[in-house]
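Notes follow once the structure below has been shown.
This is the structure we're talking about:
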């Protein structure tokens, strides 16, 4: 019983509401058959946000180029399906491996420097990949995007249907698997060292945490997960375009994470649900100018204080520190 | 070949004028402001609209663009930016991205998404050519840009190095707390610097409206360029960003001319290489507090 006092073990244990949440998620394509497409999108974006949370929320690396890995995964999956074989599971694995390798290479760039330098380098990597996808048009289709991707059935049995129900289940399952892995990582001693690095890098170094290698490893893992999210998107829509690398995608995923709350894995999932529904509603009202409202939302969010957003009872009291 | 060099220098000068305000604010308050391009866009639109709708000559529009952007910058600094100075970088990044999105969407809504065309006066349109062959030097609008930007650079250098305001500013950049302890009103210094920086961005936007192209996505398109100038040049002096801007301008123009297939690729690779090599920027002054 003494073990239950150990906070690492307590936070690691699965809570009942988590199981309920995942069951609801898995049943949702059945309950809302007309909305399977958006459920699929939410699952993908949630996976993307969870991967960013690993580096932003848990390790404190401000990255504006996370879409690089997302796009890399998407293009890899699409090209693999088009040129090698249409099996989605193998394609997903290949995409994850490629994105992980890319992440391992890029992790060297984020070790040194200030926040600004890191921001610039991550942004630069995204732009380089976008430029590459644009110029290698014999391979990627350039600005027109990569079309004509035909996916085979999942596990050789479940065909992708027009209503996106298979796609939704496929994405939710992958999300669940990777979420469990991410949960395992952040609740392990390894995850605790990441939080130590986020809170005070100098002290973390002083107590003997190998900061450089920890940063590199978590960045690589997050890149692989972002690649998986990208691969899911490419496989379920059968399309990959330059838009995947765009700056606004990195900014959006950051916004999603911040809406849900950083440093909390369900933050990414909650943020994805809120953001996608909000985007759906606002863009139905003003299709062209919805970025204005997103921008306004961001400004207000920061002004109010992002940790207070989910606690409405603190809105009108003057906080001691804020 | 000289023409390319010359165009590159003009482009670099323009980038410098656009980005210098950002360099100072980033160095002064350690504030990551991704919305700097929005002020440049405001300046550009003021010029275009005044010239098209009111028929005001180009040269009169330039100071107006400066004033407009500076006023807006001062207002926003006082109301929105100031509470954020001591927030984490993530908040600042989110806030300024939000501001940029709003600027882009509002420009789209009020003015339209088409690219605006600046009618330059006749005397700027002419093109002078000197020499021949590979060393031919063609000059036009660029000459005017270089002249204005060079004058501004010299002026800025003078203000920073010789005037009382300049020494206060440098003191605040080096160590804000000690400067405040010495009786320098850091808030006022920062407000005026921010307004100046925004004004310069507005002026740059007005000057460059024809060369860079002006449409509502301007702040997003050039944000990366401003940030490159600042990150590569370092934030501690204005010589650093100037050299970085010139380097970037020449590399970009030459890259697009000689190897158009690679396009902006070279610039980004160069930036990443430089930043891995020297994370604090190329030109760092010793003694300042980072």
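Protein chains in written order, with our numbering: chain A, 4 to 325; chain B, -15 to 274.
Backbone N, C-alpha and C define an ideal beta-carbon position, used for all residues, glycine too.
Quick caveat, the model's predicted, so the values are computed rather than measured.
According to the DSSP assignment, residue 85 of chain B belongs to the alpha helix (DSSP H) that extends over 73 to 95. Pairing residue 238 of chain B with residue 170 of chain A, the inter-Cα distance amounts to about 47 angstroms.
Put simply, the backbone Cα of residue 210 of chain B is about 39 angstroms away from that of residue 94 of chain A. In this structure, the beta-carbon distance from residue 230 of chain A to residue 76 of chain A falls below 8 angstroms.
In this model, residue 127 of chain B and residue 169 of chain B are separated by some 40 angstroms (Cα to Cα). Under the three-state reduction of DSSP, residue 15 of chain B is assigned to coil, being neither helix nor strand. Following the DSSP letters along the chain, one finds residue 175 of chain B inside the alpha helix (DSSP H) bounded by residues 170 to 196.
If only complete runs of 4 or more residues are kept, the region 174 to 220 of chain A shows the alpha helix (DSSP H) at 192 to 202, 204 to 209, in order along the chain. At a beta-carbon threshold of 8 angstroms, the residues of chain B lying near residue 292 of chain A are 89, 92, 93, ordered along the chain.
By the rule that beta-carbons nearer than 8 angstroms mark a contact, residue 44 of chain B does not touch chain A. The region 30 to 37 of chain B makes no contact with the region 148 to 156 of chain B: fewer than 3 CB pairs, one atom from each, lie closer than 8 angstroms. Going by beta carbons, residue 182 of chain A and residue 268 of chain A fall inside the 8 angstroms limit.
The alpha-carbon separation between residue 187 of chain A and residue 71 of chain A amounts to approximately 25 angstroms. Across the structure, residue 201 of chain B and residue 209 of chain A are spaced so that their CA atoms are roughly 46 angstroms apart.
Residues of the region 113 to 124 of chain A with a Cβ closer than 8 angstroms to any Cβ of chain B, in chain order: 115, 116, 117, 118, 119, 120, 122, 123, 124. Less than 8 angstroms separates the beta-carbon of residue 143 of chain B from that of residue 149 of chain B. Listed by position along chain A, the residues whose Cβ is nearer than 8 angstroms to that of residue 249 of chain B are 131, 134, 135, 138.
Contacts between residue 83 of chain B and chain A, judged by CB atoms closer than 7 angstroms, involve 298, 302 in chain order. For residue 100 of chain B, the pairing in a beta bridge is given by DSSP as B:198. Nearest neighbour of residue 180 of chain B by Cα position, chosen from B:-15, B:1, B:-4, B:-5, turns out to be B:1. Relative to residue 48 of chain A, the option among A:62, A:299, A:24, A:74 whose CA is nearest is A:74.
The shortest C-alpha to C-alpha distance from residue 174 of chain A to any of A:140, A:144, A:91 is the one to A:91.
Around the Cβ of residue 85 of chain A, a 10 Å sphere holds 16 or more other Cβ atoms; the residue is buried. Within a 10 Å sphere around the beta-carbon of residue 20 of chain B sit 16 or more other beta-carbons, which makes this residue buried. By the C-beta density criterion, residue 279 of chain A is buried, having at least 16 other C-beta atoms within 10 angstroms.
Contact annotation, residue 271 of chain A with residue 260 of chain A: C-beta distance approximately 6 angstroms; criterion of less than 8 angstroms satisfied. The region 174 to 190 of chain B makes contact with the region 55 to 67 of chain B: 3 or more CB pairs, one atom from each, lie closer than 8 angstroms. Nearest CB-CB separation between residue 126 of chain A and chain B: below the 8 angstroms threshold. Taking CB atoms only, residue 13 of chain B has no neighbour in chain A less than 8 angstroms away. In terms of Cα proximity to residue 266 of chain B, the closest of B:226, B:132, B:63, B:208 is B:226. The region 75 to 129 of chain A contains, as complete alpha helix (DSSP H) runs of 4+ residues, the segments 91 to 110 (chain order). In chain order, 217, 218, 265, 266, 267 place their CB closer than 7 angstroms to the CB of residue 224 of chain B, counting only its own chain and leaving out the 5 sequence neighbours on each side. Scanning A:57, A:125, A:220, A:204 for the CA closest to the CA of residue 212 of chain B turns up A:125. Using a Cβ-Cβ cut-off of 8 angstroms, residue 252 of chain B counts as an interface residue toward chain A, since at least one Cβ of chain A sits closer than that to its own. Listed as beta-bridge partners of residue 149 of chain A by DSSP are A:243. Residue pairing of residue 157 of chain A in beta bridges, as defined by DSSP: A:161.
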